[in-house]
Amino acid sequence: MAEKRIILEMGSGNDLYGGDYTKAACRAVQDALHHSSIILFRSLGYDHRTMRVQVTIGVQEPDKVDTVVVAAELPRGRAEVTAVFGGLNVHDPEQGTTHVIATAAVEAFLPADSDWRLSEPA
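To convert, take the position in the sequence shown, counting from 1, and add 1136; that gives my numbering.
Following this line, the structure appears as structure tokens:
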């Protein structure tokens, strides 16, 4: 069955002193989630377990993100997490530290028939 995207939220997170890409990614996901209040499931009687949640994390070193840990941040749906090149590293030469900034795009999809829509066309 086809899917339709019903949610797109974005967030950012950081780890200022530990250089931990996973921690920054988890904070970015939490930031994105705090922008949403999704009453769709209760209002329309959908089971949130039917929702597929696709998360894209942007960081300077994607291979350092533990995507399993990031997926555990999601309270609903079936999570799929991918880390890609993006975000920002800010190096502090005086302190010898790198501040890691991650970005997150959280997309949610529900199964839908081809004629499925939330409202009638105008």
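Each residue gets a CB set at the ideal place from its N, CA and C atoms; glycine is no exception.
Which residues DSSP lists as bridging D1228, in chain order: In the sequence shown, the residue the question calls residue 1228 occupies position 92. DSSP, once it has assigned bridges, lists T1233 as partnering D1228.
Host beta strand (DSSP E) of K1140 (start-end): As a first step, residue 1140 is located in the sequence shown; it is residue number 4 there, counting from the start. Counting along the chain, the beta strand (DSSP E) containing K1140 begins and ends at 1139-1151.
Check whether A1244 and V1189 have beta carbons under 7 Å apart: Start at 1 with the first residue of the sequence shown, and residue 1244 comes out as number 108. Start at 1 with the first residue of the sequence shown, and residue 1189 comes out as number 53. Closer than 7 Å, so yes.
Three or more C-beta pairs below 8 Å linking the stretch 1154-1162 and the stretch 1191-1203: yes
A1168 (DSSP reduced to helix, strand or coil): Within the sequence shown, numbered from 1, the residue matching residue 1168 stands at position 32. Helix, per DSSP.
For A1207, the first and last residue of its enclosing alpha helix (DSSP H): As a position in the sequence shown, residue 1207 is number 71, starting the count at 1. Run containing A1207: 1203-1207, per the alpha helix (DSSP H) assignment.
Same chain, Cβ closer than 6 Å to I1237, neighbours up to 5 away in sequence not counted: In the sequence shown, counting from the first residue as 1, residue 1237 sits at position 101. Only N1150, G1223, L1224 meet the Cβ criterion.
Run of the beta strand (DSSP E) containing V1197, from where it starts to where it stops: Position 61 of the sequence shown holds residue 1197. Looking at the sequence itself, residue 1197 is Glu, so the reference to Val does not match. First-last for E1197: undefined, no H or E at that position.
As assigned by DSSP and simplified to three states, the class of A1248: Position 112 of the sequence shown, counting from 1, holds the residue named residue 1248. Coil at A1248, not helix or strand.
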